[in-house]
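Chains as they are written, first to last, in the working numbering: chain A, 5 to 538; chain B, 26 to 393. The block underneath contains the structure these notes are about, expressed in structure tokens.
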């Protein structure tokens, strides 16, 4: 045998959804025992390609070869039979089943469970030793942390004899320490001869652990390179098709008077879970305070309280005067009247009405603004339309058609519609949640510039993001949230990802060494909240 | 890129639905041994064949416009008010009370007073379901349908006791005073020497119905309230973010809905040839309103068209059973088929048509 066949070879894969060409003539070769990264912006077609490989979609054209064998993959059973395992971004686990039951689910040997479970228990023990995938087989999924759940997903694939593992945005919900642990596991799997495909939008991960990387743009595979031959800036350029600024360009902050002063904020949700615990911080004019943390540790609740749609106990002073946290003026309209604008975390369910046209969304939340009214009863639709057109021009929303429904814009352009609406209110305080989630790199650059420009106008900005890079790049001060509490504040120049990562896991004595087990225990202890939402 | 062109959504889908209903209707007619073609001709004749028939069609259409608008307004807030039937009955009670106990000097004033009373009574009847939905999360479908039964019971009680004149056998109010009797359209046409609508009860309240269509159009697409109703209806979480009060919008949208349904009673009490309130005053219009709103895509223009269609179907069906040996139950089956295909089974027709357009636009894109 002179050459090894590639573990996976795709030839000319194409797939269209209606008029949208999601994948265009894609060909790649992934050699066995390597980690291959696939990087691309949202909507570049990465997920579609993997769904074809896993049998969720049927390609319109093209061929798939697994270890040199031409293989048809009409459904996920066929994919599993071909040795492909998939770890989805959103885990497919039964929350109230044990680890063991989840591993066996769908791969039972017969009508009775007992033999399968016994066999799986043995196998898990072997796998755990082989790949350092230690999980308690009898733990209930809802009681274990996200990192552990992800390991169960990997175990599921390995139990099904997968030797090709596809991971879709695996680090989205992990702290840096957990991500490191995952990469160690992936390294181990690779050493054992497994082939790994890693889909991500994080350049750093690609650089850290892949051997080769393919870049996708607008449904096409634009290039495949050896990771050692490229750099983050080069990859970003290949993804976007032009040079991009990866660093946020900004001057040092010049904080002035305190705009927002939060003292002892507490929130308990309907289920009785204590979501915010004595949260206190302040933001000054001309300053960006970044809130770092793993998703689901109280950041959403904090934004909701400030935005006026969750009631809370405690005290919040805005420009020195208290705001109503429970009464009749604790709603979003009153908050806007106090000079608080809000780019919410979830633009699809909060920031926009997807069925409304772009111009209707321009007035959203500000529909009482006198400039949008024709009389006491009638709204001035023409004025809103014109305002929308101007905002879309200024923020370079494409296509610049205000009549188009919000759902028909790309993620980045949808976000620009929201950001334009909120920033152009010239608020004293801007709340920004996950400003660049699902947004393409080009738009990220633009949105970051807008936020910094607002800061430089002497406004206060509260930035919540699960992307540490974004927090480090934009913030003038960083507060880390864990389990509803603020674990500490740091200055970006005086901290690093490792320290923030430990704080995100609830470890405050960050100068001492900590094991991954300790961090995981902490995270699991933080409860179901951490798994609430991705 | 929308899934399909607007004309397909507005015209093609309802037409295909109607065709399917017609095909099944043909099977039903054949099964009961009737010639479907003859039956169809008779129905069409019964709907528009004479001035009387045409007038009746318009009379029923007036009812359906009111109830259709009522369903549509609530629907824009994503609320399914299926209590139109009960709200109509209560509206009738309101109209009857002001007509019987207030000495109106002229029908125009009676129309205003009766219309207001009908709207207020209809709206009041939805207050409790609306409150339970807004504050307690009790599903509006369950509560409004239960309120239909209560309305019907309440009305029978009122008409057999409190409001029934002594010595009258019928469960109905006394006949309203002359000055509360709305002029029929034939009276109006008579001013120009025409006999366009015969002895049919279609009356000036059809203009109120059309005005209500304009009003609803303005409300939904040109007022702040309408904006908030639509925003809430599309996304409750987004409405929360924007500071739109779910409780207020739920209450207001349902009250307007109940008011519109109640106003139908003006047509059905003050407008009929013998103006009075009878115990089956709603006659199913509350439910037909659901189909009208669905078929009319919750837009006033669509609702007018759908109401005319259902008016014709209702009237034509009545003539069909009167003129032939076709049992009235079969006519009800035909009407139910149309409601089912245009309303409940809308998605069954819609999604294949959508897919067809998707395929076509993809083919067009590939051919570029």
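All residues carry an ideal CB built from backbone N, CA and C; glycine is no exception.
Can you pull the chain B residues whose beta carbon is under 9 Å from the beta carbon of residue i, in chain order?
{"i": "residue 356 of chain A", "result": "260 and 263"}
{"i": "residue 71 of chain A", "result": "Within chain B, no residue comes near residue 71 of chain A; the closest Cβ sits about 33 Å away, beyond 9 Å."}
If you draw a straight line from the C-alpha of residue i to the C-alpha of residue j, how long is it?
{"i": "residue 235 of chain B", "j": "residue 148 of chain B", "result": "20 Å"}
{"i": "residue 43 of chain A", "j": "residue 206 of chain A", "result": "8 Å"}
{"i": "residue 523 of chain A", "j": "residue 123 of chain A", "result": "31 Å"}
{"i": "residue 143 of chain B", "j": "residue 172 of chain B", "result": "17 Å"}
{"i": "residue 153 of chain B", "j": "residue 238 of chain B", "result": "26 Å"}
{"i": "residue 199 of chain B", "j": "residue 188 of chain B", "result": "7 Å"}
{"i": "residue 227 of chain B", "j": "residue 337 of chain B", "result": "13 Å"}
{"i": "residue 407 of chain A", "j": "residue 362 of chain A", "result": "6 Å"}
{"i": "residue 166 of chain A", "j": "residue 88 of chain A", "result": "5 Å"}
{"i": "residue 259 of chain A", "j": "residue 265 of chain A", "result": "14 Å"}
{"i": "residue 274 of chain B", "j": "residue 156 of chain B", "result": "11 Å"}
{"i": "residue 176 of chain A", "j": "residue 38 of chain A", "result": "22 Å"}
{"i": "residue 6 of chain A", "j": "residue 35 of chain A", "result": "Bear in mind that a pLDDT of 47 at residue 6 of chain A, under 50, signals an unreliable position, so the model cannot answer this."}
{"i": "residue 122 of chain B", "j": "residue 360 of chain B", "result": "33 Å"}
{"i": "residue 319 of chain A", "j": "residue 305 of chain A", "result": "15 Å"}
{"i": "residue 193 of chain A", "j": "residue 135 of chain A", "result": "6 Å"}
{"i": "residue 186 of chain A", "j": "residue 38 of chain B", "result": "52 Å"}
{"i": "residue 310 of chain B", "j": "residue 474 of chain A", "result": "59 Å"}
{"i": "residue 126 of chain A", "j": "residue 30 of chain A", "result": "41 Å"}
{"i": "residue 242 of chain A", "j": "residue 226 of chain A", "result": "8 Å"}
{"i": "residue 85 of chain A", "j": "residue 349 of chain A", "result": "40 Å"}
{"i": "residue 95 of chain A", "j": "residue 242 of chain B", "result": "46 Å"}
{"i": "residue 382 of chain B", "j": "residue 507 of chain A", "result": "53 Å"}
Can you list the residues of chain B that residue i reaches, using a CB-CB cut of under 8 Å?
{"i": "residue 368 of chain A", "result": "256, 263 and 267"}
{"i": "residue 340 of chain A", "result": "268"}
{"i": "residue 348 of chain A", "result": "266"}
{"i": "residue 335 of chain A", "result": "268 and 270"}
Would you decide whether residue i is buried or exposed? Buried here means 16 or more other CB atoms lie within 10 Å of its CB.
{"i": "residue 126 of chain B", "result": "exposed"}
{"i": "residue 276 of chain A", "result": "exposed"}
{"i": "residue 498 of chain A", "result": "exposed"}
{"i": "residue 174 of chain B", "result": "exposed"}
{"i": "residue 288 of chain B", "result": "buried"}
{"i": "residue 324 of chain B", "result": "buried"}
{"i": "residue 114 of chain A", "result": "exposed"}
{"i": "residue 216 of chain B", "result": "exposed"}
{"i": "residue 236 of chain A", "result": "exposed"}
{"i": "residue 417 of chain A", "result": "buried"}
List the residues of chain A that residue i touches, going by C-beta distances under 7 Å, in chain order.
{"i": "residue 247 of chain B", "result": "382, 383 and 385"}
State the DSSP-derived secondary structure class of residue i, mapped to helix, strand or coil.
{"i": "residue 12 of chain A", "result": "strand"}
{"i": "residue 298 of chain B", "result": "coil"}
{"i": "residue 356 of chain B", "result": "helix"}
{"i": "residue 19 of chain A", "result": "strand"}
{"i": "residue 357 of chain A", "result": "coil"}
{"i": "residue 39 of chain A", "result": "strand"}
{"i": "residue 247 of chain A", "result": "coil"}
{"i": "residue 191 of chain B", "result": "coil"}
{"i": "residue 197 of chain B", "result": "strand"}
{"i": "residue 77 of chain A", "result": "coil"}
{"i": "residue 96 of chain A", "result": "coil"}
{"i": "residue 482 of chain A", "result": "strand"}
{"i": "residue 27 of chain A", "result": "strand"}
{"i": "residue 303 of chain B", "result": "strand"}
{"i": "residue 211 of chain A", "result": "helix"}
{"i": "residue 441 of chain A", "result": "coil"}
What residues from chain A crowd round residue i, counting only those whose CB sits closer than 8 Å?
{"i": "residue 253 of chain B", "result": "371"}
Going along chain B, which residues have a C-beta under 7 Å from residue i?
{"i": "residue 359 of chain A", "result": "259"}
{"i": "residue 313 of chain A", "result": "265 and 266"}
{"i": "residue 278 of chain A", "result": "Here the premise fails: no neighbours, minimum Cβ distance about 22 Å."}
{"i": "residue 353 of chain A", "result": "260, 262 and 263"}
Could you pull out every unbroken beta strand (DSSP E) segment of at least 3 residues lying fully inside the region 254 to 331 of chain A, listed in chain order?
262 to 272, 278 to 288, 291 to 296 and 317 to 322
Pick out the complete beta strand (DSSP E) segments inside the region 108 to 176 of chain A, 3 residues or longer, and give them in chain order.
Correct list: 168 to 172.
Runs of alpha helix (DSSP H) wholly within the region 368 to 405 of chain A (minimum 4 residues, chain order)
As far as the region 368 to 405 of chain A is concerned, its whole alpha helix (DSSP H) runs of at least 4 residues are 385 to 398.
Please specify which runs of the alpha helix (DSSP H), each continuous and at least 4 residues long, are wholly inside the region 456 to 480 of chain A, giving them in chain order.
Every alpha helix (DSSP H) of 4 residues or more that sits fully in the region 456 to 480 of chain A is shown, in chain order, as 472 to 478.
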